[in-house]
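A.B. asks: Sharing a structure below in structure tokens format, with a few things to ask.
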Amino acid sequence: MGAPDFDPKMIIYQIIALQCLYYLVEGGILMGFNLVFGLDVSLAQIFTPRGLEIESAEGLLNVLALLLSFVAGSVLLCVVVERAKKCLDFTVTLFFFHLLACAFYESFPATLLWWLCHLVGVSIMTLLGEHLCARSELRDIPLFVVSQSGP
């Protein structure tokens, strides 16, 4: 029969949910930065290595948005995956599909800064996600004591 945790449909749904929510969060962060600083909104900010640079203020905001989205992704792991031991698997899967999306959008990312930012981000998301999930898993289960008052 297999392990009780192994449900392929559920895993696929979790992967899709995590990927969609991650892009929603990253897009929201970028949208906020773009509105505040009067910058143009573009998918290139998410899917091209050119968006991540340290030579311009816009590039630095994109780097900051990326790292903040990985921090938010750790919270998403806690909500969607709920298991500390699965955080690394889901984070690497998210990164793999993001890498494919970037390659299809423009080209395979070849800049050192892109890889460095994503390596740091994946590490943050995995470690913080594991910490948050472990805290959630170790939370006390409330027990309700029913007192009998009778004759």
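All letters in the sequence shown, in the order written, are residues 13 to 163 by the working numbering.
Even glycine gets a Cβ: it sits at the ideal position worked out from N, Cα and C.
Quick check: the Cα distance between L30 and V92, rounded to an integer number of angstroms?
C.D. replies: 7 Å
A.B. asks: Return yes when the Cβ of S86 is within less than 8 Å of the Cβ of E38, no when it is not.
C.D. replies: no
A.B. asks: C145 and C99 look like a contact to me (Cβ under 8 Å); what is the Cβ gap, rounded to whole Å?
C.D. replies: 6 Å
A.B. asks: Is it buried or exposed for T103, if we count other Cβ within 10 angstroms and need 16 for buried?
C.D. replies: buried
A.B. asks: In three-state DSSP terms, what is R147?
C.D. replies: helix
A.B. asks: Taking only three categories from DSSP, how would you classify R95?
C.D. replies: coil
A.B. asks: Just to confirm my understanding: we take M13, look at its own chain, exclude 5 residues before and 5 after, and list those with CB closer than 7 Å. What are they?
C.D. replies: Bear in mind that a pLDDT of 48 at M13, under 50, signals an unreliable position, so the model cannot answer this.
A.B. asks: Below 8 Å, can you find three or more Cβ-Cβ pairs linking the stretch 41-55 to the stretch 68-77?
C.D. replies: yes
A.B. asks: Can you tell me where the alpha helix (DSSP H) holding E67 begins and where it ends?
C.D. replies: From DSSP, E67 is part of no alpha helix (DSSP H); its letter is neither H nor E.
A.B. asks: Buried or exposed, going by whether 16 or more other CB atoms sit within 10 Å of the CB of G40?
C.D. replies: exposed
A.B. asks: At the level of alpha carbons, what is the spacing between M22 and E70?
C.D. replies: 38 Å
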